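Heads up: the protein sequence lines correspond to chains A and B, in order.
When you read off a place in the first sequence, starting at 1, and then add 27, the result is the number in my numbering.
When you read off a place in the second sequence, starting at 1, and then add 4, the result is the number in my numbering.
All C-beta atoms, glycine included, are put in the ideal place defined by N, C-alpha and C.
In this text, all values refer to a predicted model and were calculated from it rather than measured experimentally.
What follows is one structure encoded as structure tokens, with my remarks underneath.
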Amino acid sequence: MPYNAGMDPKGPIPVSLFFTCLADAFSPGVCNATVEVLERFGATVRVPLSQTCCGQPAFNSGNRKEARAMARKFLLTFPDEGPIVTPSGSCAAMVKHGYPVLFRNEPRMLARARAVGDRIFELSQFLVDVLGVTDPKSDFSGKVTYHDSCHLRRGLGVVSAPRKLLRAVPGVEFVEMEESDRCCGFGGVFSLKNPQISCKMTERKVERILATGASYVTSGDLGCLLNIGGLISRFGYPVKAIHLAEILAGGTGGLSSFAADAASEDARPPGTIRRAGGR
Amino acid sequence: MELNANAFGRNSRKALLDKTLQEALGRTTGRFQAHRDAAVAAFPEFEATRERASRIKRDVLDHLDTYLARFIAEAEKRGTIVHVARDAAQAREIAARIARDEGVTLAVKSKSMASEEISFNEALQGAGVTVVESDLGEFIIQLAGEAPSHIIAPAVHKTREQISRLFERHLGEPPTDSIPELVGMARKHLRAKFLSAGMGVSGGNFLVADTGSVVLVTNEGNGRMGTVLPRVHLAVVGIEKVIPRMADLPTFLRILPRSASGQAISSYVSIVTGTRRAGDPEGPERMHILLLDCGRSAILEGKYREILKCVRCAACLNACPVYQSVGGHAYGWVYSGPIGAVLTPLLVGLPEAAALPDASTLCGACADVCPVKIPLPDFLLELRSDAREQGLKTPGEIAAMKGYAGVMKRAGLLEAIERIAGVLGQFFTKGKGIGGLPYPFSGWTERRDFPAPAARPFRKQWKIKRGARG
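Put into structure tokens, the structure is as follows:
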């Protein structure tokens, strides 16, 4: 990969975290887990604190004026060099593929958008393709199935990285679900504009998840997980939605948004998470 | 065909509650996709062929006037009479005139989606001509008085039980749940029509410019019978269906049946080149081709040009989880699924169909399977943006987007809102999911919980632990 070319392989790897507005507000545990995993593999994590939203909901609903304003802010918020890592395939795909569309008539911003797009990575992609991680050093244990988020799989072409990482966790019994690459029905604004169709698709996804007998369903996108987790929570199914970062960090809970018992853990500041690595 | 595309929301809710439809969709849509995937997997050259097909189509669109002129000249040289219709009204007029001038009272028609665009059957019926659909699926829905719900399987929304009841009522056949028996009944009924029809009407999968031929890709043999038995053959075809050379045809024949039905080749490929010549054992004495513009040349001039590459294989419908959930009628016009969500607004005008581009999660499954590489999700996004620019968004959506963008401009404001939401969320839900939200979010919580906002967002946690410097 172009990124660490010229970087000292043994030196610290400066990484900017794009934590995403969704995880910030609903599942900060995912952000903490991402930091934990990145630091475990030698990254120095910087968090630009003025970041907000990449603008995807506005872009995807056709409201490009608003999307452009957010994209402009994003491009000015993140530093000029070094990788940007995010625990979301969807937000990374937005920056990579959406921004060039938004700035197609502004050559200067377009160049910047392309440059930033080249430097943005989804977490599992960064770990496997850039850092060459083969053993995530996680003590997570449980039977896990994986949902391919559409934008991670089709937008970024990341299919094998999350699976490699999951299979490399000794305590994880990994099981593929049928139709793992079929949309869960979230689709952002789609789930509000066409909630009944969205829910029908989510029901089919959850059926496939339950058929695996897994205790956890994981993914690289929080949007999918909140959607799937929302249906699981409503019907009380015996499976937990958990972000891939949380499995890699060695958490035990699953998305805190639907679980009262995890609420306190959720508020835990970064750094206090039990270190799972270094065994 | 009557246009009802902006009622997509209402149509789809009805479709979701229709148990028979859901059963029919469940039985068939997954099978199409599985067959397509297997056929593509068994054909290692698929990707390269797809690339070539896409390139040929792009070249056609870049020089459409040249290729069309060549096609018309070659077809006329072989005795075919070529007509060009600017819009649906003109197409109906021409079709009715052809039938009248040829003295036709009964026409048999094989499957043609283009003919649905212009309400062809109604036009001929208005001119006193009976039109009998001869494709099995089309025959069934004609009896039911319905429109096709799928590009290649127009009656995919019907169960065999419903079909048997239709045959009982309209053809006087005994009830049966055997598909071969149902097919036999339709065949018996249609055979008589084929033998007495004065005109056979077809669509056209390809128009070959260097030979003036119309190519039909079919499975039932009705297209072949309808183009050789009756005295007159009329083909109704969109202008974008032209390909440069007969030598290009194999490229398309390799991708179309595989993408459509998972077949390496369809049961029939008919190449109709002009009228019957001296010594020909069969073929029409008179041949007409009605070329439809109907909005296509306008599309050609704009940013959606590549949508005209479409070969109508319906792979995008079969791959689309939204189509699979609601079926084709919800889309409210001729074309459904992802291709319909893009093509319908372009052909009938965005104000008449602005709900369709929203009928997608942008999952990209359609673009994955499209055999001519049409960027369907990009076009859906582009149309949504056009809708905003043309003033077709609700004031509520625009206000919400402006408010959201306003908050996202300032991290401090976002943080303050998150803090309030976190406190309220934790207080009311004790950290569990939210079971009921007010409109416009109420749809989400009908059967799903909404996540509770975190008591302390990540940004705040990070500041506490590592300081405000970032």
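**Request:** Take the Cβ of B/Ala-57 as the centre, count every other Cβ of all protein chains shown within 10 Å, and call the residue buried at 16 or more, exposed below.
**Result:** Counting Cβ neighbours within 10 Å, B/Ala-57 comes out buried, since at least 16 surround it.
**Message:** Between B/Gln-37 and chain A, is the shortest Cβ-Cβ distance under 7 Å, so that the two count as touching?
**Reply:** It does not; no Cβ of chain A falls within 7 Å.
**Message:** For a minimum of 3 consecutive residues, which ranges assigned as the beta strand (DSSP E) are wholly contained in the stretch 25–97 of chain B?
**Reply:** Runs found: 84–89.
**Request:** Determine, using beta carbons only, whether B/Glu-422 comes closer than 7 Å to chain A.
**Result:** Yes, its Cβ sits closer than 7 Å to a Cβ of chain A.
**Prompt:** Among A/Leu-275, A/Arg-261, A/Asn-132, A/Leu-44, which one has its Cα closest to the Cα of A/Cys-226?
**Reply:** Ranking A/Leu-275, A/Arg-261, A/Asn-132, A/Leu-44 by Cα distance to A/Cys-226 puts A/Arg-261 first.
**Within 7 Å, strictly: CB atoms of B/Thr-231 and B/Tyr-272** = B/Thr-231 is not a Cβ neighbour of B/Tyr-272, given a cutoff of 7 Å.
**Cβ pair count under 8 Å reaching 3, the stretch 457–465 of chain B against the stretch 54–66 of chain A** = Contact between the stretch 457–465 of chain B and the stretch 54–66 of chain A is present, with at least three C-beta pairs closer than 8 Å.
**Request:** Using a Cβ-Cβ cut-off of 7 Å, state whether B/Leu-20 counts as contacting chain A.
**Result:** Yes - at least one Cβ of chain A is within 7 Å of the one on B/Leu-20.
**Asked** Residues in its own chain within less than 6 Å of A/Thr-239 by CB, not counting five upstream and five downstream?
**Response** Excluding residues within five positions, the ones whose Cβ falls inside 6 Å are Thr-172, Val-202, Met-204.
**Item:** Residues that A/Leu-219 contacts on chain B, provided the C-beta gap is smaller than 9 Å
**Value:** Neighbours of A/Leu-219 on chain B, chain order: Pro-444, Phe-445, Gly-447, Trp-448.
**Prompt:** Looking at the structure shown, is B/Tyr-443 part of a helix, part of a strand, or coil, going by DSSP?
**Reply:** Judged by DSSP in its simplified three-state form, B/Tyr-443 adopts coil rather than helix or strand.
**Within-7 Å CB hit, A/Thr-79 to chain B** = Residue contact check for A/Thr-79 against chain B: a CB pair falls below 7 Å.
**Item:** Inter-residue spacing [alpha-carbon to alpha-carbon] between A/Asp-208 and A/Arg-181
**Value:** In this structure, the straight-line span from the alpha carbon of A/Asp-208 to that of A/Arg-181 is close to 9 Å.
**Request:** Give me whichever residues DSSP pairs with A/Thr-113 in a beta bridge.
**Result:** Residue pairing by DSSP places A/Thr-113 opposite A/Glu-149 in a beta bridge.
**Request:** Check whether the Cβ of A/Arg-131 lies closer than 7 Å to any Cβ atom in chain B.
**Result:** For A/Arg-131, the closest Cβ of chain B is not nearer than 7 Å.
**Local conformation of B/Glu-419 per DSSP, three classes** = For B/Glu-419, the three-state secondary structure derived from DSSP is helix.
**Asked** Rounded to a whole number of angstroms, what is the C-alpha to C-alpha distance between A/Leu-275 and A/Ser-168?
**Response** Taking the straight line joining both Cα atoms gives about 10 Å.
**Asked** Who pairs with A/Ser-43 in a beta bridge, going by DSSP?
**Response** In DSSP, A/Ser-43 forms a bridge with A/Arg-73, A/Ile-111.
**Prompt:** Beta-carbon of B/Leu-360 versus every beta-carbon of chain A: anything under 7 Å?
**Reply:** Answer no: the Cβ-Cβ gap between B/Leu-360 and chain A never drops below 7 Å.
**Prompt:** Taking C-alpha atoms, which residue in A/Cys-48, A/Val-128, A/Ile-40 lies nearest to B/Lys-307?
**Reply:** The candidate whose alpha carbon is nearest that of B/Lys-307 is A/Val-128.
**Request:** Quick one: using the 10 Å Cβ neighbour count with 16 as the cut-off for buried, is B/Ile-183 buried or exposed?
**Result:** Its Cβ having fewer than 16 others within 10 Å, B/Ile-183 is exposed.
**Request:** With a 10 Å radius around its C-beta and 16 neighbouring C-beta atoms as the bar for buried, classify A/Val-186 as buried or exposed.
**Result:** A/Val-186 is exposed by the Cβ-count criterion.
**Message:** Suppose only complete runs of 4+ residues qualify. What are the alpha helix (DSSP H) ranges in the stretch 193–264 of chain A, listed by chain order?
**Reply:** Listed in chain order, they are 217–220, 222–239, 249–262.
**Message:** DSSP has B/Phe-210 in a bridge; who is on the other side?
**Reply:** Note: B/Phe-210 is bridge-paired with B/Val-219 in the DSSP secondary-structure output.
**Prompt:** Are three or more beta carbon pairs between the stretch 312–329 of chain B and the stretch 105–115 of chain B nearer than 8 Å?
**Reply:** No contact exists between the stretch 312–329 of chain B and the stretch 105–115 of chain B.
**CB contact below 7 Å: A/Gly-38 versus chain B** = No, its Cβ sits nowhere closer than 7 Å to a Cβ of chain B.
**Prompt:** Using the C-alpha atoms, what's the distance from B/Leu-220 back to A/Asp-175?
**Reply:** Between the C-alpha atoms of A/Asp-175 and B/Leu-220 there is a straight-line separation of about 39 Å.
**Message:** What would DSSP say about A/Gly-169, mapped onto helix, strand or coil?
**Reply:** Looking at A/Gly-169 - three-state DSSP - the assignment turns out to be strand.
**Request:** Measure how close the beta-carbons of A/Pro-114 and A/Ser-43 come, nearest whole angstrom, since I'm counting them as under 8 Å.
**Result:** Wrong, their Cβ atoms sit about 13 Å apart, outside the cutoff.
**Request:** For chain B, find out if any of its Cβ atoms is closer than 7 Å to the Cβ of A/Val-74; answer yes or no.
**Result:** Closer than 7 Å: yes.
**Asked** When the Cα atoms are used, what is the spatial distance from A/Asp-293 to B/Ala-264?
**Response** Its pLDDT being 42, under 50, A/Asp-293 is placed unreliably in this model, and the coordinates cannot settle the point.
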